[in-house]
Amino acid sequence: MYRFLLSRQWVILTLVSLLLIPTMIRLGFWQMHRYEERTARNQLVSDALSADAVPVERLTAVGHVVTRGERYRNVSATGVFDTGHEVVVRRRVNADDTVGFHVLTPLVLTDGKVLLVDRGWIPADGPSQTAFPKIPAPPGGRVTVTGRLMPDETTAASGIKDLKGLPDRQVMLISSERESRRLGAPVLGGYIALTAPAPKGDSPELLGPPGSEDAALNFAYTIQWWLFAAGVPVGWLILVRREARERAAAATREAEPAEPATV
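If you use our numbering, the sequence shown corresponds to residues 120 to 382, in order.
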């Protein structure tokens, strides 16, 4: 009755089904891994943002690479802004996806070290992108700032190409090592995204907190792939039984004697 399963068509269909089941199970485990990763990342960010600010030099130092656990930690520092050596970071967007610049201003600490401070976003409203934009001044004199600690930016992590030959005092990526060479001064690893004090006139526009990743979507994909894996043998069995019924019905029709023709 089921000899048709040995036909070329059904052998191929069965082999494809057998390959699909472990593939879909593996995809489900991969999505579960992504769910766990994103959940852990969200918790790490939440813990960092809710922690009290600590002096920046407790978490970073000259040449230090900011770790995943240190990222977004609230830190504080006291020093004087060096506006004469600030740069702008090109092709950055605000909450409305408007393209502009981030303002990166060195903060000279009391011990002579330098902390890079991303003071926020300004629009690209100059006559051209090659012109250095007009930037609102930071507080003068000695000031205490707080912000979220961030690692140096890389093309691999950000997807932003580090273009060469840019106009003076414009950069594509924030790099404490490169800024140390430019300034000729010791620069703490990473930089901070300023959260306080708030700028006068709301410009530069402070950067918002990082958004949470949609871990629930990965969990839904996990269930989806495993349901697909469970559905493959069920679908195969339904097709087999339908084929068997159709073949049996065809055989019955062929076995029935033909009715005599009426005269």
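Glycine included, each C-beta is placed from N, C-alpha and C at the ideal position. Predicted model only: the values in this text are computed from it and were never measured.
key: Length of the line joining the Cα atoms of residue 166 and residue 352   = One C-alpha to the other measures close to 44 Å.
ask   = In whole angstroms, what separates the C-alpha of residue 366 from that of residue 349?
value = The straight-line gap from Cα to Cα measures roughly 27 Å.
query = Taking the alpha carbon of residue 187 as the point to measure from, which residue in 159, 298, 122 and 201 has its own alpha carbon closest?
reply = The shortest C-alpha separation from residue 187 is found at 159.
ask   = Under a three-way DSSP split, which group does residue 209 fall into?
value = In the structure shown, the three-state DSSP call for residue 209 is strand.
query = Can you name the residues that DSSP bridges to residue 289?
reply = Looking at the DSSP assignment, residue 289 forms a beta bridge with 207.
query = What are the uninterrupted segments assigned as beta strand (DSSP E) that are 3 or more residues long and contained completely in the segment 324-379, given in chain order?
reply = List check, beta strand (DSSP E) in window: nothing returned.
task = Locate the alpha helix (DSSP H) running through residue 148, then write down its first and last residues.
result = In the DSSP assignment, residue 148 falls within the unbroken alpha helix (DSSP H) covering 127-169.
task = Using 6 Å as the cut-off, classify the Cβ of residue 177 as near or not near the heavy atoms of the ligand MG, replying yes or no.
result = Judged by which ligands are present, the structure shown has none, so any question about the ligand MG falls away.
message = Please tell me whether residue 218 and residue 254 are closer than 7 Å, where the distance is taken between their beta carbons.
response = Judged by beta-carbon spacing, residue 254 lies beyond the 7 Å limit of residue 218, meaning their Cβ atoms are not closer than that value.
query = Would you say residue 200 and residue 226 are within 7 Å of each other, going by their C-beta atoms?
reply = Taking 7 Å as the cut-off, the beta carbon of residue 200 is found closer than this to the beta carbon of residue 226.
message = Give me the DSSP bridge partner(s) of residue 195.
response = Answer is 174 and 265.
For residue 154 and residue 257, the rounded distance between their alpha carbons = Taking the straight line joining both Cα atoms gives about 41 Å.
query = Going by Cα to Cα distance, which pick from 338, 209 and 269 is closest to residue 247?
reply = When C-alpha distances from residue 247 are compared across 338, 209 and 269, the shortest belongs to 209.
task = Measure the Cβ-Cβ separation of residue 341 and residue 150 and say whether it is below 7 Å.
result = It is a contact, given that the beta carbons lie within the stated cut-off.
task = Just the C-alpha distance for residue 107 and residue 125, rounded to the nearest angstrom, thanks.
result = With the chain represented from 120 up to 382, any question about residue 107 goes unanswered, as that position is not in the structure.
ask   = Based on the DSSP secondary-structure assignment, which residues constitute the bridge partners of residue 237?
value = Answer is 223 and 312.
Cβ separation of residue 137 and residue 175, assumed to be a contact under 8 Å, to the nearest whole Å = With a Cβ gap of about 58 Å, residue 137 and residue 175 do not count as contacting.
ask   = In the structure shown, what three-state DSSP assignment does residue 302 receive?
value = If DSSP states are grouped into helix, strand and coil, residue 302 belongs with the helices.
Close beta carbons around residue 288, own chain, < 6 Å, minus the five adjacent residues each side = Around residue 288: 206 and 251.
ask   = By the 10 Å Cβ neighbour count, where 16 or more other Cβ atoms means buried, how is residue 182 classified, buried or exposed?
value = So residue 182 ends up on the exposed side.
query = Looking at the structure shown, is residue 307 part of a helix, part of a strand, or coil, going by DSSP?
reply = Strand, per DSSP.
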